[in-house]
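The structure appears right after this line, and notes come after that.
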Amino acid sequence: MPCHPRAACLAPWPKRSSSPPALLFGNGAGNEAISIGVIIFVSIALYNALELAVLIPVSFQRYRTLYFWALLTSAMLGVIPAGLGTIFQFFSLTPLWVSLLLANIGFVMMVPNQSVVLYSRLHLVSQNHRMLRFLKWLIIVDTVLLLIPTISLNFGSAYVPTSPGWTKGFEVVERIQLTWFSAQETLISSVYIVETVRMIRLSPDGDKRRHKILYELLAINVVAIAMDLALLVLEFLGFYFTQIILKATVYSIKLKLEFAVLGMLVSIVHAHSSDPVWYGEWSPSGST
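Residue 57 in UniProt numbering sits at position 57 of the sequence shown; the count goes up by one each step and never skips.
Below you can see the structure in the form of structure tokens.
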């Protein structure tokens, strides 16, 4: 089966990696330790995604919101295919094209879609319509510009692993897209952090519950940024294999954190409303 270590195929260890697999998944346990690591981390990702697939529909009252569909598709069509693609490819359970297809579908619905998830609730803390419009088009444009070369080079480097053009091209583009999407998520999360700090300053000093929720929101956004930075560090240190294994798990955890954020954010925004607040009462895209 044709395979390139920089592509979705995970069996060979990348030549540019700075340490052997045994040092990352045990002390000399070799392939057995790597297999256990793959199973554990992918299982965590799949469990989180399946849990969210159940919790999200029952937690929303209305399903006609961008936030609902972004969150649901990230879990069901993002994390799950990405995790299955990793398992299928690593253990050679399916033909190469099947695992590549699953991995790329998962990538599209998991990584760029995370920015959509973050954007879809941004208007709750910011009424800067110009900034919201800028972020919306930023997400659309860079998703199109980055996905086409990334997916094309992924398949090419997997099926023509001896071609320096395909393999080097994929290595460069893969680093660019990872850096860009991480920077984009960090930008959106930073807006939340700035606006959350502003809300803390504007809220009454005696409102301890409100302050507590705002600080929790602040902490969750900082944690999400830290996880993005961790994936970037692994990639640029040469631990591509580890980064791929952890990516689905990291994004599933970020989705669970996002689910926790939702209840906090809605309770703050509607703190003075006399009507009961339900997840999904509001339209994440504002007037659209």
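By construction, the Cβ of each residue, glycine as well, lies at the ideal position given by its N, Cα and C atoms.
Please read all numbers here as calculations on a predicted model, not as lab measurements.
What are the boundary residues of the alpha helix (DSSP H) that residue i is part of?
i    : result
M76  : Note, M76: premise wrong, no alpha helix (DSSP H); not H, not E.
F107 : 96-120
V64  : Going by the sequence as given, residue 64 is Arg instead of Val. Note, R64: premise wrong, no alpha helix (DSSP H); not H, not E.
L232 : 208-236
L187 : 164-202
N128 : Element bounds for N128: n/a, residue is neither H nor E.
Less than 7 Å separating the beta-carbons of residue i and residue j?
i           : j    : result
L55         : G83  : no
N113        : G78  : yes
residue 299 : L178 : Only positions 1 to 288 of the chain appear in the structure, and residue 299 is not among them; the question remains open.
L214        : I200 : yes
V42         : T94  : no
I188        : N221 : no
P149        : V111 : no
Q243        : L262 : no
N104        : I151 : yes
Who are the near neighbours of residue i in its chain, counting only those whose CB is closer than 7 Å to its CB and skipping five residues on each side?
i           : result
P276        : Any reading at P276 needs caution, since the residue's pLDDT is 40, under 50, leaving its predicted position unreliable; the model's value is listed next. Around P276: no qualifying Cβ.
S273        : Note that S273 scores a pLDDT of 48, beneath 50, so its modelled location is shaky; the value from the coordinates is reported in the next line. Nothing meets the Cβ criterion.
S17         : Caution is warranted here: a pLDDT of 41 is assigned to S17, below 50, making its placement in the model unreliable, and no coordinate value can be reported.
residue 289 : Outside the displayed range of the chain (1 to 288) lies residue 289, so it cannot be described from this structure.
L52         : A75, L255, K256, F259
V191        : L122, S126
Counting only the same chain and skipping the five closest in sequence on each side, list residues whose C-beta sits under 8 Å from that of residue i.
i    : result
E185 : Q114, S115, L118, A224, I225, D228
P57  : Y63, L72
I39  : I87
L153 : W166, G169, F170, V173, E174
K136 : Y119
Among the residues of its own chain, which have a CB less than 6 Å from the CB of residue i, if the five just before and after it don't count?
i    : result
L102 : P81, L84, G85
T288 : Note on T288: pLDDT 38, under 50, position unreliable in the model; no value is reported.
T143 : P112
Do three or more CB pairs link the region 37-46 to the region 242-253 at distances below 8 Å? Cβ pair count under 8 Å is three or more, so yes.
How about the region 65-75 and the region 128-143: do they share at least three Cβ pairs that are nearer than 8 Å? In this structure the region 65-75 does not lie against the region 128-143, because fewer than three pairs of beta carbons, one per stretch, are closer than 8 Å.
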